[in-house]
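Undergrad:
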Amino acid sequence: MSLVVINFWYVIAAALFIFGLKKLGSPDSAVRGNIYSAAAMLIAVAVTLFNKNILSFDWIIIAAVAGSIIGAVAAQRVQMTSMPEMVAIFNGSGGIASLLVGWAALFNSGNTLLTNITVVISIVVGGMTFSGSILAWGKLSEIMNSAAVVFSGQRVVNSAIVLGLLLFSVLFCLEPSVSSPYLYLIISLSILLGVMAVLPIGGADMPVVISLLNSYSGLAACAAGLAINNNILIVAGSMVGAAGIILTNIMCKAMNRSLAHVLFSGFSAAKQATKVEGEVKPITADDAFLILEAAQSVTFVPGYGMAVAQAQHVVRELGELLEKNGADVTYAIHPVAGRMPGHMNVLLAEANVSYDQLIEMEDINPRIGGVDVAVVIGANDVVNPAARNDENSPIYGMPIINVDEARTVFVLKRSMASGFSGVDNPLFFCDNTRMLFGDAKQSISSVVAEFKI
Amino acid sequence: MEGVFLSMVLMLSVFLGFELISKVPATLHTPLMSGANAISGITVVGALISAGGELGDLPTYLGAAAVMFAMINVVGGYMVTNRMLSMFKKKDKSQPGDKS
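Line by line, the protein sequences are chains A and B.
For what it's worth, the working numbering labels the leading residue of the first sequence as 56, then goes sequentially.
For what it's worth, the working numbering labels the leading residue of the second sequence as 6, then goes sequentially.
Printed below as a string of structure tokens:
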């Protein structure tokens with residue numbers, strides 16, 4: 056197949072990628088969208104095999120089979136609660152692939168200056184995506200401490216790495232060669248940079264980091280495309296880059312923080328929030344049942360704690376019982392609930408909750424005053440009224456789900472500890488708040504058991 | 006000239022990407038990310054050319070390793086996205102068969 060014919064097929068693949076992403080705009084058509092996108096990938100890979108520069112297939116077959124098996128097994132086995140880790144690992148694997156493609160492109164003859172610059176970009180972005188993602192995976196899977204690591208002189212070290220990268224890149228481009236020592240320096244520094252970039256970011260900010268690394272993995276593919284003059288890499292890579300940037304932006308807005316603040320400062324609780332005092336009103340599962348039985352409308356507000364307690368299935372069961380009882384049941388989901396964008400939605404969908412019951416923050420807030428019972432499960436900061444009222448609170452200004460405006464609020468909580476950001480939550484002391492202490496899954500199970508009697 | 010043409014492609018696809026993805030509802034953001042992961046496996050196209058070319062041993066090995074990593078993304082990404090998306094169902098309560 057000539058290059059022209061191959062490029063023509065690439066155009067068709069690009070169109071299918073675009074069409075697939077468009078179909079992702081609604082849960083009804085999203086499965087088909089994913090299939091279009093996969094078909095686009097199949098076309099792109101298949102026509103590439105006809106490229107006349109490909110002379111031997113031995114290594115291709117071995118590597119492709121190995122990669123496919125690893126990918127397929129991982130996709131089958133992964134628990135929905137572990138999706139953030141999975142996405143982090145996939146980001147890293149995309150990053151290292153782009154680094155390797157960029158590196159290999161140096162061996163092509165007749166590289167121009169522009170090619171060499173894009174090779175360096177794909178190596179740097181790919182390398183830092185790789186190491187940053189591995190570190191993010193380590194933090195998410197709690198193999199290592201997920202807290203932000205901050206040390207004095209961090210900025211100096213990071214600036215030195217960036218300056219070093221720039222210097223070696225210029226030196227490399229002046230005298231490009233596959234055996235240039237600068238090449239290895241660039242690779243090592245970019246891997247180091249990825250580690251340094253993710254170290255100061257704590258567990259609660261992980262949704263931002265995963266989104267950002269997602270974006271980088273696309274940009275790395277895009278740079279690799281520029282390096283080898285391949286349109287389909289540029290088109291597909293930049294779409295992924297755009298997706299990551301949009302998600303990063305949504306996450307930052309939902310936390311009322313700038314991207315720079317998330318990336319460079321850790322979560323500095325510099326300001327001391329106004330101390331809230333009062334008495335919490337604990338409630339037993341029996342009483343909770345009586346209130347729920349009388350409720351006309353119930354909204355569940357899940358957070359990462361629901362995933363940890365694996366409570367999504369009992370929550371759905373309780374939701375169904377309440378519906379049978381005549382109540383209107385919804386699930387209100389804050390954009391940064393969980394460890395990645397949309398994490399709660401996937402968990403609830405897995406538990407068989409109908410997706411039209413999953414309500415976004417902007418849609419639930421105007422009507423939360425009419426909700427009889429809001430049940431907060433393992434969420435804390437995203438329902439903290441201090442974000443609205445207390446100018447001294449570190450999370451002041453962050454948009455929250457205004458559960459305190461509901462007629463009654465149940466807060467399911469293990470004990471009286473603060474949330475991830477270490478901020479006290481005045482919600483617990485509100486007149487209409489009842490605390491249901493204990494493991495979320497057990498608490499809900501006992502309420503469910505009451506309903507079944 | 007080639008550089009200008011490629012930057013044109015880059016610019017247009019970035020704009021199109023922004024347009025399309027800002028329309029994806031928050032409910033689907035996790036599948037969007039894993040789907041985007043699968044798409045970023047498009048580097049496999051570049052990797053194939055290196056792995057199958059005869060530029061020397063090192064580029065072949067680099068290409069082969071890249072093919073493997075990119076295929077993890079492609080196969081794993083599409084499969085897990087499909088798994089997730091098939092869980093998003095609308096229970097037809099009042100009007101069975103109503104798809105809107």
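By construction, the Cβ of each residue, glycine as well, lies at the ideal position given by its N, Cα and C atoms.
Nothing here was measured: the structure is a model prediction, and the numbers come from that model.
Quick check on A/Gly333: buried or exposed, where buried means 16 or more other Cβ atoms within 10 Å of its Cβ?
TA: Taking the first residue of the first sequence as 1, we reach residue 333 of chain A at position 278. Counting Cβ neighbours within 10 Å, A/Gly333 comes out exposed, since fewer than 16 surround it.
Undergrad: Between the Cα of B/Val85 and the Cα atoms of B/Val29, B/Leu11, B/Gly22 and B/Gly40, which residue gives the shortest distance?
TA: Locating residue 85 of chain B in the second sequence gives position 80, counting from the first residue. For B/Val85, the nearest C-alpha among the options comes from B/Gly40.
Undergrad: Could one say the Cβ of B/Met92 lies closer than 8 Å to chain A's Cβ atoms, at least one of them?
TA: Here residue 92 of chain B corresponds to residue number 87 of the second sequence, with the count starting at 1. So, interface residue.
Undergrad: According to DSSP, is A/Tyr410 part of a helix, a strand, or is it coil?
TA: One-based indexing of the first sequence puts residue 410 of chain A at position 355. Note: A/Tyr410 maps to helix in three-state DSSP.
Undergrad: Along the chain, where does the beta strand (DSSP E) that runs through A/Ile305 open and close?
TA: In the first sequence, residue 305 of chain A corresponds to position 250, counting from 1. No beta strand (DSSP E) contains A/Ile305, which is instead part of the alpha helix (DSSP H) from Asn286 to Met310.
Undergrad: Taking only three categories from DSSP, how would you classify B/Tyr83?
TA: Here residue 83 of chain B refers to the residue found at position 78 when the second sequence is read from its first residue. Note: B/Tyr83 maps to helix in three-state DSSP.
Undergrad: Can you give the Cα-Cα distance for A/Met96 and A/Gly381, rounded to whole angstroms?
TA: The sequence position of residue 96 of chain A within the first sequence is 41, counting from 1. The sequence position of residue 381 of chain A within the first sequence is 326, counting from 1. The alpha-carbon atoms of A/Met96 and A/Gly381 are separated by roughly 47 Å.
Undergrad: Quick one: residues in its chain with C-beta nearer than 6 Å to the C-beta of B/Glu7, no 5 flanking neighbours on either side, listed in chain order?
TA: Counted from its first residue, the second sequence places residue 7 of chain B at position 2. Counting only Cβ-Cβ distances below 6 Å, and skipping sequence neighbours, we find nothing.
Undergrad: In whole angstroms, what is the alpha-carbon distance linking A/Val102 and A/Ser111?
TA: Stepping through the first sequence from its first residue, residue 102 of chain A is reached at position 47. Stepping through the first sequence from its first residue, residue 111 of chain A is reached at position 56. So the two alpha carbons sit approximately 15 Å from each other.
Undergrad: With the cut-off set at 8 Å, would you say A/Ser224 and A/Val175 are in Cβ contact?
TA: Counted from its first residue, the first sequence places residue 224 of chain A at position 169. Counted from its first residue, the first sequence places residue 175 of chain A at position 120. A contact, by the Cβ cut-off of 8 Å.
Undergrad: What does B/Val9 touch in chain A if you count any residue whose Cβ is under 8 Å from its own?
TA: As a working mapping, residue 9 of chain B is identified with position 4 in the second sequence. Those within 8 Å of B/Val9 in chain A number zero; the least Cβ separation is about 10 Å.
Undergrad: Under 9 Å Cβ-Cβ, which residues of chain B neighbour A/Phe162?
TA: Here residue 162 of chain A corresponds to residue number 107 of the first sequence, with the count starting at 1. Chain B residues near A/Phe162: Ser55, Gly58, Leu60, Gly61, Leu63, Pro64 and Leu67.
Undergrad: Out of curiosity, what's the CA-to-CA distance linking A/Val384 and A/Gln351?
TA: Working through the first sequence from its first residue, we reach residue 384 of chain A at position 329. Working through the first sequence from its first residue, we reach residue 351 of chain A at position 296. So the alpha carbons of these two residues sit roughly 9 Å apart.
Undergrad: Residues of chain B with CB under 9 Å from A/Asp383, in chain order?
TA: Taking the first sequence and counting its residues from 1, the one referred to as residue 383 of chain A is at position 328. By Cβ distance, chain B contributes nothing, its closest Cβ being about 12 Å from A/Asp383, past 9 Å.
Undergrad: Name the chain B residues that come within less than 7 Å of A/Phe72, Cβ to Cβ?
TA: As a working mapping, residue 72 of chain A is identified with position 17 in the first sequence. Those within 7 Å of A/Phe72 in chain B are Ile44.
Undergrad: DSSP three-state label for A/Phe506, please.
TA: Position 451 of the first sequence, counting from 1, holds the residue named residue 506 of chain A. Note: A/Phe506 maps to helix in three-state DSSP.
Undergrad: With DSSP collapsed to three states, give me the class of A/Tyr386.
TA: By 1-based counting over the first sequence, the position of residue 386 of chain A is 331. The answer is strand: DSSP assigns A/Tyr386 an E or B state.
Undergrad: For the region 127-150 of chain A, enumerate the residues whose C-beta is nearer than 8 Å to any C-beta of chain B, in chain order.
TA: Answer set for the region 127-150 of chain A: Ala127, Ala129, Ala130, Gln131, Val133, Met135, Met138, Met141, Val142, Phe145, Asn146, Ser148 and Gly149.
Undergrad: Looking at chain A, is there any beta carbon in it that lies within less than 8 Å of the beta carbon of B/Met13?
TA: Indexing the second sequence from 1 puts residue 13 of chain B at position 8. Not closer than 8 Å to any Cβ of chain A, the Cβ of B/Met13 fails to qualify, so no.
Undergrad: Is A/Phe322 close to chain B, meaning its C-beta is less than 8 Å from at least one C-beta of that chain?
TA: The residue given as residue 322 of chain A occupies position 267 in the first sequence. In this prediction, A/Phe322 has a pLDDT of 48, which is less than 50 and means its spatial position is unreliable; what the coordinates show is noted afterwards. Taking Cβ atoms only, chain B never reaches closer than 8 Å to A/Phe322, which makes this a no.
Undergrad: Can you check which of these residues, A/Ile450, A/Asp445, A/Met399 and A/Asn457, is closest to A/Gly424 by C-alpha distance?
TA: Start at 1 with the first residue of the first sequence, and residue 424 of chain A comes out as number 369. Comparing Cα positions, the closest option is A/Asn457.
Undergrad: Which first and last residues belong to the alpha helix (DSSP H) in which A/Lys78 is found?
TA: Your numbering for residue 78 of chain A matches position 23 in the first sequence. From DSSP, the alpha helix (DSSP H) with A/Lys78 extends over Leu58 to Lys78.
Undergrad: Suppose contacts are defined by Cβ-Cβ distances below 8 Å. Is A/Gly126 in contact with B/Ile77 by that definition?
TA: Looking up residue 126 of chain A in the first sequence gives position 71. Looking up residue 77 of chain B in the second sequence gives position 72. Yes.
Undergrad: Is it true that the CB of A/Leu302 sits closer than 8 Å to the CB of B/Leu25?
TA: By one-based count along the second sequence, residue 25 of chain B stands at place 20. By one-based count along the first sequence, residue 302 of chain A stands at place 247. Against a cut-off of 8 Å, the Cβ pair of A/Leu302 and B/Leu25 comes out as no contact.
Undergrad: Thinking C-alpha only, which one of A/Ser293, A/Met310, A/Glu417 and A/Ala366 is nearest A/Pro449?
TA: Walking along the first sequence from the start, residue 449 of chain A turns up at place 394. Of A/Ser293, A/Met310, A/Glu417 and A/Ala366, the residue nearest in Cα terms is A/Met310.
Undergrad: Could you give the first and the last residue of the continuous alpha helix (DSSP H) run that contains B/Met13?
TA: The count along the second sequence starts at 1 and reaches residue 13 of chain B at position 8. Start and end: Glu7 to Ile26.
Undergrad: Let me know if B/Lys96 comes out buried or exposed under the rule of 16 or more other beta-carbons within 10 Å of its beta-carbon.
TA: Position 91 of the second sequence, counted from the start, is the residue given in the question as residue 96 of chain B. The residue is exposed, with fewer than 16 neighbouring Cβ atoms inside 10 Å.
Undergrad: Among the residues of its own chain, which have a CB less than 8 Å from the CB of A/Met395, if the five just before and after it don't count?
TA: For this step, residue 395 of chain A is matched to residue 340 along the first sequence. Result list for A/Met395: Met138, Pro139, Val142, Met261, Pro262, Ile265 and Ser266, in chain order.
Undergrad: Check whether the region 391-409 of chain A touches the region 205-215 of chain A, counting contact only when three or more Cβ pairs, one atom from each stretch, lie closer than 8 Å.
TA: Too few Cβ pairs lie closer than 8 Å, so no.
Undergrad: Which residues in the same chain as A/Met183 place their Cβ atom closer than 6 Å to its Cβ, once the five residues preceding and following it in sequence are excluded?
TA: Against the first sequence, residue 183 of chain A aligns to sequence position 128. Around A/Met183: Ser245, Leu248 and Gly249.
Undergrad: Is it buried or exposed for A/Val60, if we count other Cβ within 10 angstroms and need 16 for buried?
TA: Here the question's residue 60 of chain A lines up with position 5 in the first sequence. Exposed.
Undergrad: Do you know offhand how far A/Ser188's Cα is from A/Asn439's?
TA: Along the first sequence, read from residue 1 onward, the residue named residue 188 of chain A stands at position 133. Along the first sequence, read from residue 1 onward, the residue named residue 439 of chain A stands at position 384. Their Cα atoms are separated by approximately 30 Å.
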